[in-house]
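Throughout, the numbering used here is defined as the position within the sequence shown, counted from one, plus 12. Every residue gets a Cβ at the ideal spot worked out from N, C-alpha and C, and that includes glycine. The structure presented is a predicted model; accordingly, all values stated were derived computationally and were not measured. Notes follow the structure.
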Amino acid sequence: VFTLMNLQHLRYLLAVAQAGSFTRAAAQMYVTQPTISSGIAQLETELGVKLFNRAGRPELTLEGRTLVNYARQIQDLAEEAGDRLSKREALSGQGFQFGAIDTAVIYLLPEILRAYLSKHPDVELSVQVAPSRDLAEDLLANRSEFALITMPIENPRLTTISLFRDKLILVAGSSHAFTKKKIVTLEQIAHERLILFDENSVSRRIVDEKFAEAGVSPRVVMTMRSPEAMRKLAEAGVGISFLPFLTVESALKSGELKEIHVKGLHLSREIGLAWKNGRYFGPAIHGLISAIVSEFGKTAAFVEARAIPSTQ
């Protein structure tokens with residue numbers, strides 16, 4: 013059974029085998045001859061075999077020749093690994109998982125991921141697309157390295173920085189009666205068929221708080237997790253919905269949806285980057301995070317957040 017110390021001992025073995033002398037091997041390795049002899053002896057003790065015939069010039073035994081072959085392979089692999097890591101490269105087939113809400117995956121990340129994968133073609137990415145609460149649980153369970161979430165996520169074991177602020181606007185299909193009005197009230201909206209986010213989502217809580225402040229109960233006919241599906245249903249006239257501007261921008265331009273202005277209401281949500289306190293990011297992971305925060309001008313905020321020591 014090999015210990016962590018054996019890598020150096022294997023180097024001693026290779027040096028003696030090549031030099032044909034314990035003394036010359038010691039000189040080449042810049043150590044004393046007893047150090048070389050002790051290392052070889054320790055290998056022999058651990059393996060229960062003799063590696064050299066020591067009568068006169070040291071000659072490898074059959075077991076010694078076998079171990080030398082393995083030692084060369086081990087040394088080559090060790091050098092390759094060190095070279096890869098020092099160059100901050102990812103090995104072929106290596107990868108990692110990160111999480112993101114679907115809006116981020118569809119509208120914020122495509123170009124960033126395209127550029128990243130063109131620079132790191134050997135990295136295999138797994139993206140967990142889910143609501144923010146589930147993404148936070150993945151971070152805490154070490155299933156994901158980081159996540160793009162809807163903020164705030166209040167957990168002392170997670171660190172977050174804001175990346176992007178997106179408006180939440182009321183939209184309706186082009187034939188809806190509200191499209192004829194310049195402005196509507198929350199009381200009027202409450203009587204309409206509403207398609208809202210799942211009750212556990214941050215975006216839903218933002219909307220619910222405004223209805224609660226106005227003292228009205230909305231007529232919710234459907235709840236969903238996917239803003240894309242909600243947009244399609246709103247376009248089809250199934251109901252009206254509060255949706256992120258990113259999600260509906262193209263539909264507004266094409267006329268399939270109309271923005272409905274609500275009296276005294278200006279909603280928005282923040283999309284942020286979250287990770288578990290103290291999480292180490294290797295080169296491949298750090299490279300993607302750096303690309304993301306740079307895209308949104310948040311590099312300094314990320315560096316500052318990483319510099320703050322965790323108390324958790």
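Please decide whether residue i counts as near chain C, where near means a Cβ-Cβ distance under 8 Å.
{"i": "E211", "result": "Looking at the structure shown, chain C is missing, and only one protein chain is on hand."}
Tell me the DSSP secondary structure of residue i in three-state form.
{"i": "A9", "result": "This structure cannot settle anything about residue 9, because the visible part of the chain is limited to 13 through 324."}
{"i": "E282", "result": "strand"}
{"i": "R177", "result": "strand"}
{"i": "S238", "result": "coil"}
{"i": "A29", "result": "helix"}
{"i": "E71", "result": "strand"}
{"i": "Q140", "result": "strand"}
{"i": "M17", "result": "Caution applies to M17, whose pLDDT of 47 falls short of 50 and renders its modelled position unreliable; the value that the coordinates give is listed next. In the structure shown, M17 sits in coil (DSSP, three-state: anything other than H, G, I, E or B)."}
{"i": "N81", "result": "helix"}
{"i": "P133", "result": "coil"}
{"i": "L264", "result": "helix"}
{"i": "A319", "result": "helix"}
{"i": "P168", "result": "coil"}
{"i": "E307", "result": "helix"}
Tell me, which residues are paired with residue i by DSSP?
{"i": "E123", "result": "Per DSSP, none; premise fails for E123."}
{"i": "L185", "result": "The sequence shown places Gly at residue 185, rather than the Leu named in the question. Looking at the DSSP assignment, G185 forms a beta bridge with L269."}
{"i": "M163", "result": "E282"}
{"i": "L63", "result": "Note: L63 sits in no beta bridge, so no partner."}
{"i": "L255", "result": "I181"}
{"i": "G107", "result": "E136"}
Restricting to Cα atoms, I'd like to know which of the options is closest to residue i.
{"i": "T115", "options": "K179, L74, A189", "result": "K179"}
{"i": "V141", "options": "H203, L258, G111", "result": "G111"}
{"i": "E268", "options": "R243, I48, R281, L277", "result": "R243"}
{"i": "R66", "options": "A83, M41, A29, T47", "result": "A29"}
{"i": "A303", "options": "E58, I124, S50", "result": "I124"}
{"i": "I272", "options": "T235, S253, E221", "result": "S253"}
Exposed or buried, which one is residue i when buried takes at least 16 other CB atoms within 10 Å?
{"i": "G249", "result": "exposed"}
{"i": "N18", "result": "buried"}
{"i": "H21", "result": "buried"}
{"i": "L89", "result": "exposed"}
{"i": "S156", "result": "buried"}
{"i": "Y292", "result": "exposed"}
{"i": "L121", "result": "buried"}
{"i": "P230", "result": "buried"}
{"i": "G169", "result": "Here residue 169 is Arg; the residue named in the question, Gly, does not match the sequence. R169 is exposed by the Cβ-count criterion."}
{"i": "R126", "result": "exposed"}
{"i": "G107", "result": "exposed"}
{"i": "L74", "result": "exposed"}
{"i": "E166", "result": "exposed"}
{"i": "R216", "result": "buried"}
{"i": "H188", "result": "buried"}
Identify the continuous alpha helix (DSSP H) that holds residue i and give its terminal residues.
{"i": "I195", "result": "From DSSP, I195 is part of no alpha helix (DSSP H); its letter is neither H nor E."}
{"i": "F158", "result": "Unbroken run through F158: none, as it is neither H nor E."}
{"i": "I207", "result": "Taken as a continuous stretch (DSSP letters only), I207 belongs to no alpha helix (DSSP H), being part of the beta strand (DSSP E) at 206 to 209."}
{"i": "A39", "result": "34 to 41"}
{"i": "I218", "result": "214 to 226"}
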